[in-house]
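Undergrad: Take a look at the following structure, please.
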Amino acid sequence: MPAGPVCWAVGGVAAFTLPFGVPALNAVLVSLLSYLVLSWLGLARGVGSRTVGAVSRG
Numbered sequence: 614m615p616a617g618p619v620c621w622a623v624g625g626v627a628a629f630t631l632p633f634g635v636p637a638l639n640a641v642l643v644s645l646l647s648y649l650v651l652s653w654l655g656l657a658r659g660v661g662s663r664t665v666g667a668v669s670r671g
């Protein structure tokens, strides 16, 4: 799942730029990171529910 490494990379960049006080860049990175995490969780939840549905249907 490529979203995991992307989330870590964006989080690392955000953590690196945070002490330098670039509020606009930090806001963009945090929102991007949040979007990636939420979309990855939604994707994982969708795949899991489809798998459970297929197994329960037989």
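Counting the sequence shown from 1 gives a position; my numbering is that position plus 613. Every residue, glycine too, gets a C-beta built ideally from N, C-alpha and C.
#1: Keeping to the same chain, check which residues put their C-beta closer than 8 angstroms to that of V619; ignore five residues upstream and five downstream.
#2: Could you compute how far the alpha carbon of G655 sits from the alpha carbon of A637?
#3: Is it the case that the Cβ atoms of V623 and L642 are separated by a distance below 8 angstroms?
TA: By the coordinates alone:
#1: In its chain, beyond the 5 residues on either side, L649 have a beta carbon closer than 8 angstroms to the beta carbon of V619.
#2: About 27 angstroms.
#3: Yes, Cβ-Cβ distance for V623 and L642 is below 8 angstroms.
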